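Enquirer:
Residue numbers (the numbering used here): 55 to 134.
1. Residues in its own chain within less than 8 Å of residue 111 by CB, not counting five upstream and five downstream?
2. Can you grab the Cα-Cα spacing for the pair residue 72 / residue 103, in whole Å?
3. Closer than 6 Å to a non-hydrogen atom of the ligand NAP - does that hold for the CB of residue 67?
4. Quick one: grab the DSSP three-state call for residue 71.
Structure representation (C-alpha coordinates):
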(Lines of atoms letter the chains of each structure in order from A and count residues from 1; the text may use other names and numbers.)
(Lines give C-alpha, C1' and ligand atoms only; values in the text may rest on other atoms or scores of the structure.)
Protein backbone atom coordinates (compact mmCIF):
# COMPACT_ATOMS: atom_id res chain seq x y z
CA UNK A 1 0.00 0.00 0.00
CA UNK A 2 1.39 3.37 -1.03
CA UNK A 3 1.87 6.07 1.60
CA UNK A 4 -0.44 9.06 1.08
CA UNK A 5 1.29 12.36 0.46
CA UNK A 6 0.20 15.72 1.80
CA UNK A 7 -1.17 16.51 -1.66
CA UNK A 8 -3.30 13.34 -1.65
CA UNK A 9 -4.70 14.18 1.77
CA UNK A 10 -5.40 17.80 0.78
CA UNK A 11 -7.14 16.67 -2.39
CA UNK A 12 -9.38 14.34 -0.37
CA UNK A 13 -10.28 17.10 2.11
CA UNK A 14 -11.13 19.47 -0.76
CA UNK A 15 -13.33 16.84 -2.41
CA UNK A 16 -15.20 16.24 0.85
CA UNK A 17 -15.46 19.97 1.76
CA UNK A 18 -15.54 22.14 -1.38
CA UNK A 19 -16.77 25.13 0.66
CA UNK A 20 -13.48 25.10 2.60
CA UNK A 21 -11.58 25.63 -0.65
CA UNK A 22 -13.61 28.77 -1.24
CA UNK A 23 -12.65 30.00 2.24
CA UNK A 24 -8.94 29.59 1.49
CA UNK A 25 -9.33 31.14 -1.96
CA UNK A 26 -10.91 34.18 -0.33
CA UNK A 27 -8.04 34.32 2.19
CA UNK A 28 -5.49 34.16 -0.63
CA UNK A 29 -7.26 36.98 -2.49
CA UNK A 30 -8.02 39.30 0.45
CA UNK A 31 -5.73 38.20 3.29
CA UNK A 32 -8.79 37.67 5.51
CA UNK A 33 -10.85 34.60 6.29
CA UNK A 34 -14.50 34.84 5.45
CA UNK A 35 -17.28 33.10 7.29
CA UNK A 36 -18.05 29.56 6.16
CA UNK A 37 -21.74 30.36 5.97
CA UNK A 38 -23.64 33.51 5.15
CA UNK A 39 -27.26 34.43 5.39
CA UNK A 40 -28.98 34.95 2.06
CA UNK A 41 -32.18 36.65 0.97
CA UNK A 42 -33.98 33.98 -1.04
CA UNK A 43 -36.49 34.95 -3.64
CA UNK A 44 -39.63 32.83 -3.74
CA UNK A 45 -43.34 33.47 -3.67
CA UNK A 46 -45.75 32.88 -0.80
CA UNK A 47 -49.43 33.45 -0.34
CA UNK A 48 -49.62 37.08 0.81
CA UNK A 49 -52.33 36.50 3.42
CA UNK A 50 -50.50 33.51 4.87
CA UNK A 51 -47.23 35.46 5.01
CA UNK A 52 -48.83 38.46 6.72
CA UNK A 53 -50.59 36.26 9.27
CA UNK A 54 -47.37 34.41 10.06
CA UNK A 55 -45.37 37.64 10.32
CA UNK A 56 -47.92 39.06 12.77
CA UNK A 57 -47.90 35.81 14.76
CA UNK A 58 -44.10 35.97 15.02
CA UNK A 59 -44.15 39.64 16.06
CA UNK A 60 -46.75 39.04 18.77
CA UNK A 61 -44.82 36.07 20.15
CA UNK A 62 -41.31 37.50 19.83
CA UNK A 63 -40.25 34.86 17.31
CA UNK A 64 -37.61 35.39 14.64
CA UNK A 65 -39.25 34.45 11.36
CA UNK A 66 -35.90 33.65 9.75
CA UNK A 67 -34.80 31.34 12.57
CA UNK A 68 -38.18 29.60 12.58
CA UNK A 69 -38.13 29.03 8.80
CA UNK A 70 -34.54 27.75 9.01
CA UNK A 71 -35.71 25.24 11.63
CA UNK A 72 -38.61 24.14 9.41
CA UNK A 73 -36.16 23.52 6.55
CA UNK A 74 -33.74 21.60 8.81
CA UNK A 75 -36.59 19.39 10.07
CA UNK A 76 -37.72 18.70 6.51
CA UNK A 77 -34.20 17.70 5.46
CA UNK A 78 -33.77 15.40 8.46
CA UNK A 79 -36.93 13.51 7.52
CA UNK A 80 -35.55 12.58 4.09
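C-beta atoms are modelled at their ideal positions from N, C-alpha and C, and glycine is treated no differently.
Treat the numbers as computed from the prediction; the structure is a model and nothing was measured.
Expert: Let me spell this out:
1. Counting from 1 along the chain shown, the entry for residue 111 is found at position 57. Contacts found: 117.
2. Looking up residue 72 in the chain shown gives position 18. Looking up residue 103 in the chain shown gives position 49. Each residue's alpha carbon lies about 40 Å from the other.
3. Because no ligand of any kind appears in the structure shown, any question about the ligand NAP cannot be addressed here.
4. The residue labelled residue 71 in the question sits at position 17 within the chain shown. Looking at residue 71 - three-state DSSP - the assignment turns out to be coil, as it is neither helix nor strand.
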